[in-house]
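Quick note on numbering: full-length UniProt numbering labels position 97 of the sequence shown as 97, and the sequence is numbered without any gaps.
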Amino acid sequence: MGRRKAEPLDRAMVLDTGFALLADDGLAGLSMRALADRLGVQAPALYWHFTSKSELIGMMALALYHDARCAPPAGGDWQDWLISYGRALHQKLTGLRDGARLCAMAEPMRSKASLTAPAIAAPLTDRGLDQGFALDAIASVTSLALGWASFEANAPMHALLDGMIDVQRSFERGLAALVTGLAGGVSQNPAG
1 MGRRKAEPLD
11 RAMVLDTGFA
21 LLADDGLAGL
31 SMRALADRLG
41 VQAPALYWHF
51 TSKSELIGMM
61 ALALYHDARC
71 APPAGGDWQD
81 WLISYGRALH
91 QKLTGLRDGA
101 RLCAMAEPMR
111 SKASLTAPAI
121 AAPLTDRGLD
131 QGFALDAIAS
141 VTSLALGWAS
151 FEANAPMHAL
161 LDGMIDVQRS
171 FERGLAALVT
181 GLAGGVSQNP
191 AG
């Protein structure tokens with residue numbers, strides 16, 4: 001075990017260190033013991049901040065989704081937001097070792113206010129869509145980004161695809177087609 005850091009341990013520090021550990025050692029190397037070693041503390045000290053590895057993984061996934069949801073620029077219509085969100089999420093998931101696997105296996109953090117239906121749908125309901133349609137659209141784009149990122153993380157499959165297609169261009173085409181298709185079934189918010 002390393003020396004304990006001088007600054008007090010907090011939830012953000014543990015989460016940031018979890019991401020660093022994931023980047024270095026992958027999902028297989030992400031454990032509470034390895035995290036404690038990296039932070040220079042005993043493993044039980046982490047349980048003040050996360051009750052389990054499952055909660056840590058859930059919060060890491062939530063942070064990735066949050067970052068992607070905050071990436072789209074202000075303004076634009078709901079289609080612009082979805083395209084920007086899809087690109088940002090795909091980039092987050094492919095830019096972090098095992099990022100897609102982490103999100104695919106994460107348990108939802110039900111106690112978080114940011115996970116209520118109105119909060120998730122807000123970027124699109126603020127742009128005039130009704131909540132149900134907005135949730136469907138976000139779920140569809142999330143699934144596309146997560147699926148493509150998982151596909152790309154499979155090294156043999158990625159090597160095969162690279163020989164046939166431009167993977168990034170194919171993702172972009174799929175994202176554009178999905179959002180265009182959603183536009184055909186748009187359900188506007190009567191108040192929007």
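Just so it is clear, CB atoms sit at the ideal spot from N, CA and C, and this is done for glycine as well.
This structure is a prediction, so every number in the text was calculated from the model and none was measured.
Which residues bound the alpha helix (DSSP H) around Ile57?
Lys53 to Cys70
Looking at the secondary structure, which residues open and close the alpha helix (DSSP H) in which Met151 lies?
Correcting the residue type first, residue 151 is Phe in the shown sequence and not Met. Start and end: Gln131 to Ala153.
With a threshold of 6 Å on Cβ separation, who are the neighbours of Gly132 within its own chain once the five nearest residues in sequence on each side are excluded?
none
Measuring straight from C-alpha to C-alpha, what distance separates His158 and Phe171?
13 Å
Nonlocal neighbours in the same chain, by C-beta distance under 7 Å from Gly18, ignoring five residues either side
Leu30, Leu35, Leu56 and Met60
Closer than 8 Å is the cut-off here; do at least three beta carbon pairs connect the stretch 66-74 with the stretch 9-18?
no
What does a CB cutoff of less than 7 Å around Leu178 pick up in its chain, not counting 5 residues either side in sequence?
Ser140, Val141 and Leu144
Near Ala134, which residues of its chain fall below 7 Å by C-beta distance, leaving aside the five closest residues on each side in sequence?
Ala121, Leu124 and Thr125
Are Pro72 and Trp81 close, meaning C-beta to C-beta below 8 Å?
yes
Chain-order list of residues whose beta-carbon lies under 6 Å from that of Arg101 (same chain, five-residue window excluded)
Leu27
Residues in the same chain with beta-carbon distance under 7 Å from Ala43, minus the five sequence neighbours each way, listed in chain order, please.
Met32, Arg33 and Ala36
Coil, strand or helix - Leu178 by DSSP
helix
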